[in-house]
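In this note's numbering, the protein residues as written are 1 to 351.
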């Protein structure tokens, strides 16, 4: 094991669970030693329980691991969770109470007051909540940290440098979200082929609330949300991977077009300073072409961990508008949680 942290994955057979396994293969700090999933998979070797849906082969190191129920104990030091929201709340709580740090991609705890909703480049100071969470809940070694909704990550990443430099008073977001965001088998083909679905349940509310929390500041044992308004409309489109958001922003102080572009282009943060394994060298990539970003061309930028921004222009109603794109199952899900874990290790919060 060479001193690596032993990792368990809850919800290991799903699309995001599989992405965790793919991204963790040969990771320098983490080794997958435990897998958990639903009752129909429990007791089977992972190779038997999982129908592999990602490009490439199922990593050999996990094929023989026997899938267990998503309940402690598991043979690991901490867990990544990609459990469905309806089971994640109790399961993640039980692991944290049993002494396991829980790094979650699920939605259940994101807006809970004492749970950090983390993007390492944007709000690493929110990890200060961990001590208060442990004290308030009576945890010992365990805690819960979550990453945001897959579209929220793209939007909050793009807003963060603008909010830091100029302040953001309001943002109007229109998303075009890939079908992989619905899991497998996802959206029926006769619904999405030759079509756009103008509703994704709960998605607009997540973007509007999570963005404000992420861009807020620590106030004692709580997060005081950013003083901005966010309005979202979400659409499912016939793209496999890559969530695209058309954003319009009103700034708190005036800024030139060049200043806005430079704020986005030059953005780096703590993960780049620490050279974390999954951190892209450029968390935001600014494209100058009139027709970029595009999901097929830009979703894999920075190994899927960069957000690509383009079409930055003045807006006739608010101040500026632009397009932001990110890979929804990498930066928006499994890759985000892995980067969160890497930051926790770097800050000595995973023992």
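Note that beta-carbon positions come from the ideal geometry of N, C-alpha and C, so glycine has one too.
- Under the 8 Å Cβ criterion, the region 149 to 156 counts as touching the region 324 to 338, having at least three qualifying pairs.
- A distance below 7 Å between beta-carbons, with the five flanking residues on each side excluded, links residue 327 to the following residues of its chain, in chain order: 241, 242, 299, 300 and 304.
- In terms of Cα proximity to residue 10, the closest of 192, 258 and 92 is 92.
- Inter-residue distance for residue 204 and residue 149 is about 10 Å (C-alpha atoms, whole angstroms).
- Assignment of beta-bridge partners to residue 243 by DSSP yields 326.
- Counting only runs that start and end inside the region 138 to 168, the alpha helix (DSSP H) elements of at least 4 residues fall at 150 to 165.
- At least 8 Å separates the beta-carbon of residue 290 from that of residue 236.
- Between residue 67 and residue 35, the gap from beta carbon to beta carbon is short of 8 Å.
- Nearest in C-alpha terms to residue 122, of all of 226, 232 and 296, is 226.
- For residue 223 against residue 126, the beta-carbon gap comes to about 6 Å, under 8 Å, which counts as contact.
- Taking a C-beta distance under 8 Å as the contact criterion, residue 247 and residue 336 do not qualify as a contact pair.
- Here residue 295 is near residue 244, since their CB atoms are less than 8 Å apart.
- Leaving aside the five residues that flank residue 200 on each side, the residues in its chain whose CB is nearer than 7 Å to its CB run, in chain order, 177, 234 and 236.
- Assigned with DSSP and collapsed to three states, residue 78 falls in strand.
- With 16 or more other Cβ atoms inside 10 Å of its own Cβ, residue 129 counts as buried.
- Counting only the Cα atoms, residue 89 lies some 30 Å from residue 283.
- Cβ neighbours of residue 257 within its own chain (closer than 6 Å, five residues either side excluded): none.
- If you look at residue 217, you'll find it in the beta strand (DSSP E) that goes 217 to 219.
- In this structure residue 188 is exposed. Its beta-carbon is surrounded by fewer than 16 other beta-carbon atoms within 10 angstroms.
- In the structure shown, residue 174 adopts extended strand secondary structure according to DSSP, grouped into three states.
- Nearest to residue 15 by C-alpha distance, out of 347, 47 and 54, is 54.
- Rounded to whole angstroms, the Cβ separation of residue 45 and residue 64 is 5 Å, and the two are in contact under 8 Å.
- By the neighbour-count criterion, in which 16 or more other beta carbons inside 10 Å mark a residue as buried, residue 7 falls on the buried side.
- Residues 114 and 221 of the same chain have their beta carbon placed closer than 7 Å to that of residue 132, with the five preceding and five following residues left out of the count.
- Taking residue 42 as reference, the option from 4, 12, 315 and 276 with the minimal CA-CA separation is 12.
- Distance from the Cα of residue 308 is smallest, within the candidate group 158, 232 and 341, for 158.
- In the structure shown, the three-state DSSP call for residue 200 is coil.
- In the DSSP assignment, the residues bridged to residue 6 are 31.
- Cβ neighbours of residue 217 within its own chain (closer than 6 Å, five residues either side excluded): 224.
- Our two residues, residue 69 and residue 76, have alpha carbons roughly 14 Å apart in a direct line.
- Residue 250 is bridged by DSSP to 170.
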